[in-house]
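Each protein sequence line maps, in turn, to chains A and Z.
Going by the numbering used here, the first sequence opens with residue 30, and the numbers climb by one from there.
Going by the numbering used here, the second sequence opens with residue 1019, and the numbers climb by one from there.
We put the CB at the ideal spot given by N, CA and C, even for glycine.
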Amino acid sequence: MGSHALATPVAVVGMACTNFGELWDRNVDDLLVEATHGALGSAGGLGVDDVDAFWLGSMISGVSGLTLTRPLNISHKPVTRVENMCATGSEAFRNACYAVSSGAYDVVMAVGGEKLKDAGYSGLEMPSVPNDGTPPVLSAPAMYSMIVPAYARRYGVPEEQIKEAMTHIAWKNHGNGARNPRAQFRKEVPKETIAAAPTLAGRLSVFDCSGVADGAAAAVIVRAEDALKYTDKPLYVHALALDAGSGTGRNDSDYDYSDLAEAAASARTAYAQAGITDPATEISLAEVHDCFTPTELVLMEELGFSERGKAWRDVLDGRYDRDGALPVNIDGGLKSFGHPIGASGLRMIFEMWLQFRGEAGERQVADPRFGLVQNQGGSPGDLVSAVTIVSDRRP
Amino acid sequence: MVGIESYAVYLPVPRLDRADVARVVGGRGKGTRPVASYDEDATTMGVAAARAALHGAGAGVDSLWFATTRPAYLEKSNAATVAAASGLAAEVAAYDVSGALRGGAGALRAGLAAGAAVVVASDVRYGLPGSADEAEGADAAAALLVGPDPVAELVGTASLTSEFLDRWRIPGDVRTRTWEERFGVEEYVPLVERIVDDVLGRCELKREQVDHVVISTPHARARAAARRGFEAAQLAAIDAAALGYAGAADLAVGLALALDAAAPGDLVLAVSATDGADAFVFRVTEKHVTGGRSGLAAAPAGQPVSYGDFLNWRGLLPREPARRPDIKPPVPPAARRTASWKFGFVAARCGSCGYRNLPPRQVCLRCSATEGFEPVSMVDVPGRIATFTDDWLSESVQLPARVVAVDFDGGGRFECEMTDVVGRELAIGDRVSPTFRLASVAGNGVRNYVWKVRPHLEEED
């Protein structure tokens, strides 16, 4: 028993990501076609027929692999639709990687896309099974806002300090997004504006919440040994981890809402696979699931970047800023991109693709060693978390 | 010997200031009246009263009679919901006495005739803005446990039925219409005189022998006239409460107030005058010395509600809803499968590790044991706030929804809305108690009843 690095390593040899935003003039087909064709084009001009199998990540924009085959006119290929809440994009990627590593296929594609803005709501509607009406009905911001008083109490940190760190995170990610042409929101927002916004849930204002957007992203994956056939700058996969909690935290008085244990567990597994012993220094940049600013704050601890109870200090010290020791969400994060569910995990990997190829423009990090992508679904106490570690060095 | 073994009154916490009403609709207003909160209806208030009256002593009950003029549902029984949420067994027959104000007296008669019953009367009193029902009403519930070992034994009853039109409401209407006030006075006052003479005659009693008198009628002028037949001291117990007219619950609430003030040996005369008249005479027994009281003295203090919020709660000032998906109703098969959890708040205590699973599960969330679960009622288990938040995006009628994670004394965690805390600060560690309320009403009219928590009263310890 155990979780291991892939026996046959794999690499990403082509990627694409659409602009994210309120794309009133595009449907999910349009987005999937753009991402898929773009990824194939960047993999040395592969055609759809050159791909042996597809994994499509989508939570609410379509069912079955046919959601992908219809718009692309793909015939007689294995196409799998996967869903793991907001970690769906990472899940499509992870399963596609396994398929190549296993030897079952030579060239596969992971694609994630979501069309949220046709629903007509300002938030996200989770699909729910008809029930007895007793499960608590909280908005997503409300569920994540529970972190703030719990964290404050656990570490004896005043809520004002936490709010200051949350404001810093929102300010940082908006600033990063302002430098990314694909982001939904491309404007710096002053800290005063962020801090003064009215609350939506607990201490969270609209600036503490990720947006809702449409978008898609795709990756072409092959065995690492074949990677240079397709591109001279492949992105190698060093770790793939997924942790699904028991989902009982919200009914367990041992859970105190101040942590995201599934994120820590998925990170531990990933670090073991990649041979990373000191993530705080070995990881050069991270894309993490900043669905809400307290999430990013706590993730700094769960991923081993900050000491327990100290992330707020590191955040305020600028450690995770664009020019800090460990830039986090340098592409702008969910905060600037919005969160088309199936696409987000792949959008995070796309930033790694750009960074490790030296194509990130004014966001470029110098000489990155390892890049970490953390993508999660659910809420505190009721979570799935995926961690992917990549670099430009072959494992 | 049959009579009232125990009794309880439930008053909702919100208080509407009549001066606030007057500022909006004109006129003058003094004092406050209790109003059902945004998540209460006749059914939930009835449950609160029934739970308090039964306090675990429902074993001998074989019928439940539920009276209201504002039934939450028609055709579907509300009495069944009250019975389920009050923890009564399936063998208890539960009947709705809905619609007419007189149902309050009818339910009491039926319960007394049945002999081992719980009589629940609950009403929400309002009308169009500026109406007398809005200003002078009281939202309240009362429950009377009837049985053979009473604190107040029934001495006699009398009833008269009279067909005339004094007030009426079309099903579904907000407004109750009334005929000319003087017409009602001339019909009701002789009815009260006659029913008092009838019942006292049957009991071989004189007016002056009665210690406490309850006169319940929706007709304010008739009530004032009828009162003149009694001494102030006989009416003092009811007058002290100054509640306002509680509709179908008014008679039972009045009876409870009178019993609260009564001593063993006292005689209580309760008269209801609606579409006729009903009168009941009770003699308070020695058991009353040790019996519980209505609970009103220990009830939580009222909390002000703005007239705007009140009108919104009653659906009279609809507000622009948040741009969110439609409310999803609970589905009947799921609610049926989990009825003891949903309505009875019965958790499952793991036989292996002892942890209380809320809701009950097949596999213990702590130790993964798969058998040996024991049902355990959480209704009377207080807890503490583990953490909390205010949700402005909630589907709750009153924003922000106050959402709390609760750790129950002795184990068990559940997240729910906290109620009766409009405008109040919350803190981790605050004490809370379960209360049966409405989560939402869906577009198909299905009312989602759930257990929430409210501030815990130290008197409950």
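Helix, strand or coil at residue i according to DSSP, with G and I counted as helix
i        : result
A1124(Z) : According to the sequence displayed, residue 1124(Z) carries Gly and not Ala. Of the three classes helix, strand and coil, the one that applies to G1124(Z) here is helix, per DSSP.
T1050(Z) : strand
T33(A)   : Residue 33(A) is actually His in this sequence, not Thr. It is coil, neither helix nor strand.
H1306(Z) : helix
N56(A)   : coil
T417(A)  : strand
T65(A)   : helix
S180(A)  : The question names Ser, but residue 180(A) in the sequence shown is Tyr. Here Y180(A) sits in helix by DSSP.
V235(A)  : helix
P1282(Z) : coil
W1410(Z) : coil
A1254(Z) : helix
D1035(Z) : strand
A1163(Z) : This sequence places Leu at residue 1163(Z); Ala is not what is there. Residue state, collapsed to three classes: strand.
S1104(Z) : coil
E388(A)  : coil
H267(A)  : strand
Bridge-paired residues (DSSP) for residue i
i        : result
D1141(Z) : A1158(Z)
P1473(Z) : V1450(Z)
N113(A)  : C115(A)
A247(A)  : A45(A) and V140(A)
W84(A)   : T109(A) and A139(A)
W1083(Z) : Y1113(Z) and V1137(Z)
Q302(A)  : DSSP output for Q302(A) lists no bridge partner at all.
N205(A)  : The partner list for N205(A) (beta bridge, DSSP) is empty, contrary to what the question assumes.
C1434(Z) : V1422(Z)
S408(A)  : D411(A)
R1287(Z) : It should be pointed out that residue 1287(Z) corresponds to Leu in this sequence rather than to Arg. According to DSSP, which records beta bridges pairwise, L1287(Z) is partnered with V1231(Z) and V1299(Z).
Chain-ordered neighbours of residue i on chain Z, where CB pairs are closer than 8 Å
i       : result
D147(A) : Ordered by position in chain Z, no residue passes the 8 Å Cβ test against D147(A), which lies about 13 Å from the chain.
V166(A) : S1412, E1413, A1457 and S1458
S275(A) : L1383
Y150(A) : R1341, R1342 and P1343
Chain-ordered chain Z contacts of residue i [CB-CB under 9 Å]
i       : result
A179(A) : A1404, T1405, A1423 and I1446
R279(A) : A1423, R1431, F1432 and E1433
E154(A) : R1342 and P1343
T228(A) : D1408, W1410 and P1418
P170(A) : T1407, D1409, W1410 and L1411
Y286(A) : A1404, T1405 and A1423
Under 7 Å by beta carbon: chain A residues contacting residue i
i        : result
P1400(Z) : None at all; the shortest Cβ gap to chain A is about 14 Å.
W1359(Z) : T163
V1468(Z) : G162 and T163
Listed by chain order, chain Z residues near residue i by CB distance under 7 Å
i       : result
P159(A) : V1349 and A1352
R182(A) : I1446
P38(A)  : Chain Z residues near P38(A): none, gap ~36 Å exceeds 7 Å.
S174(A) : T1407
G231(A) : T1407 and D1408
Chain-ordered chain A contacts of residue i [CB-CB under 9 Å]
i        : result
K1305(Z) : Near K1305(Z) there are no residues of chain A at all, since even the closest Cβ is about 39 Å away, more than 9 Å.
P1377(Z) : D161, T163, P164 and N280
K1346(Z) : S157, P159, N160, G162 and V166
Listed by chain order, chain A residues near residue i by CB distance under 8 Å
i        : result
T1356(Z) : D161 and T163
- Task: Tell me the start and end of each unbroken beta strand (DSSP E) in the stretch 307-370 of chain A that is at least 3 residues and wholly inside, in chain order.
- Result: Those beta strand (DSSP E) runs which fall completely within the stretch 307-370 of chain A and span 3+ residues are 312-316.
- Would you check if there are 3 or more beta carbon pairs closer than 8 Å linking the stretch 1150-1166 of chain Z to the stretch 404-417 of chain A? Under the Cβ criterion (8 Å, minimum of three pairs), the stretch 1150-1166 of chain Z does not count as touching the stretch 404-417 of chain A.
- Does the pairing of the stretch 1393-1413 of chain Z with the stretch 226-235 of chain A give three or more beta-carbon distances under 8 Å? Three or more pairs of CB atoms, one per stretch, sit closer than 8 Å, so the stretch 1393-1413 of chain Z contacts the stretch 226-235 of chain A.
- Item | Meets three-Cβ-pair contact criterion under 8 Å: the stretch 1077-1093 of chain Z and the stretch 1358-1368 of chain Z | A contact is defined here as three or more CB-CB pairs under 8 Å, and the stretch 1077-1093 of chain Z fails this definition with respect to the stretch 1358-1368 of chain Z.
- Query: If we count Cβ pairs, one from each stretch, closer than 8 Å, do we get three or more for the stretch 1239-1247 of chain Z versus the stretch 1199-1208 of chain Z?
  - Reply: Judged by Cβ distances under 8 Å, the stretch 1239-1247 of chain Z makes contact with the stretch 1199-1208 of chain Z, as three or more pairs qualify.
- Item | Every unbroken alpha helix (DSSP H) within the stretch 1171-1252 of chain Z, with a cutoff of 4 residues, ordered by chain | Segments of the alpha helix (DSSP H) lying fully in the stretch 1171-1252 of chain Z: 1199-1221 and 1238-1245.
- Query: Can you find at least 3 beta carbon pairs, one from the stretch 175-191 of chain A and one from the stretch 1399-1406 of chain Z, that sit closer than 8 Å?
  - Reply: The stretch 175-191 of chain A makes contact with the stretch 1399-1406 of chain Z, as at least three CB pairs between them are under 8 Å.
- Item | Segment contact flag, the stretch 1068-1085 of chain Z with the stretch 1021-1030 of chain Z, C-beta cutoff 8 Å, min 3 pairs | By the Cβ rule, the stretch 1068-1085 of chain Z counts as touching the stretch 1021-1030 of chain Z, because three or more pairs are nearer than 8 Å.
- Item | At least three beta-carbon pairs within less than 8 Å, the stretch 1365-1374 of chain Z to the stretch 1185-1192 of chain Z | Counting Cβ pairs under 8 Å, fewer than three are found: no touch.
- Query: Are three or more beta carbon pairs between the stretch 368-382 of chain A and the stretch 304-322 of chain A nearer than 8 Å?
  - Reply: Three or more beta-carbon pairs separated by less than 8 Å link the stretch 368-382 of chain A to the stretch 304-322 of chain A, which places the two stretches in contact.
- At what residue ranges does the stretch 1330-1406 of chain Z contain a whole run of the beta strand (DSSP E), taking only runs of 3 or more? Complete beta strand (DSSP E) runs here, min 3: 1364-1367 and 1392-1395.
- Quick one: any contact between the stretch 101-112 of chain A and the stretch 271-285 of chain A, if contact means 3 or more CB pairs under 8 Å? When Cβ pairs closer than 8 Å are counted between the two stretches, the stretch 101-112 of chain A is seen not to touch the stretch 271-285 of chain A, the count staying below three.
- Message: With three or more C-beta pairs closer than 8 Å as the rule, is the stretch 1162-1174 of chain Z touching the stretch 1271-1278 of chain Z?
- Response: With the cut-off at 8 Å, the stretch 1271-1278 of chain Z and the stretch 1162-1174 of chain Z touch.
- Query: On the three-pair Cβ rule with 8 Å, is the stretch 382-391 of chain A touching the stretch 52-64 of chain A?
  - Reply: No contact exists between the stretch 382-391 of chain A and the stretch 52-64 of chain A.
- Message: I want to know whether the stretch 133-150 of chain A touches the stretch 240-256 of chain A - three or more CB-CB distances under 8 Å.
- Response: Pairwise C-beta distances place the stretch 133-150 of chain A in contact with the stretch 240-256 of chain A, as three or more of them are shorter than 8 Å.
- Query: Touch check for the stretch 1298-1309 of chain Z and the stretch 1331-1351 of chain Z: three-plus C-beta pairs under 8 Å?
  - Reply: Taking 8 Å as the limit for Cβ pairs, the verdict is that the stretch 1331-1351 of chain Z does not touch the stretch 1298-1309 of chain Z.
- Query: Would you call the stretch 255-272 of chain A and the stretch 138-149 of chain A touching, i.e. three or more CB-CB distances under 8 Å?
  - Reply: Touching, no.
- Query: Are the stretch 1090-1108 of chain Z and the stretch 1035-1052 of chain Z in contact at 8 Å, needing three or more beta carbon pairs?
  - Reply: The answer is no - the stretch 1035-1052 of chain Z does not touch the stretch 1090-1108 of chain Z, with fewer than three Cβ pairs under 8 Å.
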